[in-house]
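Notes for the one structure printed next.
Protein chains in written order, with this note's numbering: chain E, 224 to 335; chain P, 43 to 154.
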């Protein structure tokens, strides 16, 4: 079945540590997105990528980095510069601008 | 800027009750409108969508009509089930843009 796979489901970070969240899709979608979800709030866009080797900052990119070396993969690194990283992170993709975004099942990041 | 305002939650109903979750929007361009549903511990699933005024999206007994004159996209269901318990997000995207703009979500609990 085609879909978006996020891993791990749960992730713990120590102070001062960088962690990388994986997002893989086999839908052959061009565009991919990372959102952050905090309790009682909607989703906020961190980064997005429309094509391989290109990505753009979203509304809350500070403290995060991404890469898009392959069409299927869009990993998100939460750096030590992100002072409040505890959240639920959702990856999404879509085929083109006329199609809705489809989401993975998310990664919950917590601070030890 | 673009924004989505949803009915404050949580909402608690009995099984077979009628459901309405209000959603209004402001948009600088011409938006497509969406309802997403999030079950506990999972990502978002697209529930329904509408891309132009007076369009009605429907799925799994849920309906919403794109009302340009009132800038609204209220979600309705005639008879809810316990399995409908989830968080519901209203969202918009300006056609041709990359970013989904989300409301804050409405938590729905259905009691047997």
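Where a beta carbon is used, it is the ideal one built from N, C-alpha and C, also for glycine.
According to DSSP, residues forming a beta bridge with residue i
| i | result |
| --- | --- |
| residue 136 of chain P | P:73 |
| residue 2 of chain P | Because chain P is modelled from 43 through 154, residue 2 of chain P falls outside the range shown and cannot be assessed. |
| residue 331 of chain E | E:233 and E:311 |
| residue 86 of chain P | P:80 |
| residue 348 of chain E | Past the edges of chain E, shown from 224 to 335, lies residue 348 of chain E, and the structure says nothing about it. |
| residue 271 of chain E | E:256 and E:279 |
| residue 266 of chain E | E:260 |
| residue 299 of chain E | E:244 and E:289 |
Beta-carbon contacts of residue i that lie in its chain and below 7 Å, excluding the five residues immediately before and after
| i | result |
| --- | --- |
| residue 44 of chain P | 68, 69, 70, 134, 136 and 143 |
| residue 321 of chain E | none |
Local conformation of residue i per DSSP, three classes
| i | result |
| --- | --- |
| residue 126 of chain P | helix |
| residue 50 of chain P | coil |
| residue 99 of chain P | strand |
| residue 118 of chain P | strand |
| residue 254 of chain E | strand |
| residue 58 of chain P | coil |
| residue 307 of chain E | coil |
| residue 337 of chain E | Beyond the ends of chain E as shown, which are 224 and 335, falls residue 337 of chain E; an answer cannot be given. |
| residue 249 of chain E | coil |
| residue 108 of chain P | coil |
Closest Cα partner of residue i within the set the options
| i | options | result |
| --- | --- | --- |
| residue 139 of chain P | E:276, E:309 and E:268 | E:268 |
| residue 293 of chain E | E:229, E:252, E:236 and E:243 | E:252 |
| residue 63 of chain P | P:154, P:141 and P:131 | P:131 |
| residue 90 of chain P | P:83, P:111, P:50 and P:119 | P:119 |
| residue 273 of chain E | P:148, P:141 and P:152 | P:141 |
| residue 275 of chain E | E:262, E:289 and E:285 | E:289 |
| residue 264 of chain E | P:98, P:117, P:52 and P:122 | P:52 |
| residue 59 of chain P | P:121, P:147 and P:151 | P:121 |
| residue 243 of chain E | E:282, E:303 and E:315 | E:303 |
| residue 106 of chain P | P:72, P:123, P:85 and P:66 | P:66 |
| residue 315 of chain E | P:98, P:54 and P:87 | P:87 |
| residue 123 of chain P | P:117, P:57, P:49 and P:46 | P:57 |
| residue 127 of chain P | P:110, P:150 and P:117 | P:150 |
| residue 329 of chain E | P:48, P:61, P:81 and P:49 | P:81 |
Sequence-distant residues of the same chain with beta carbon closer than 6 Å to residue i, five excluded per side
| i | result |
| --- | --- |
| residue 75 of chain P | 92, 108, 115 and 134 |
| residue 245 of chain E | 230 and 298 |
Spatial neighbours of residue i in its chain, beta-carbon cut-off 8 Å, leaving aside the 5 residues before and after
| i | result |
| --- | --- |
| residue 319 of chain E | 253 and 254 |
May I ask you to verify whether the region 288-307 of chain E touches the region 255-274 of chain E, counting CB pairs closer than 8 Å and requiring at least 3?
Yes: at least three Cβ pairs fall under 8 Å.
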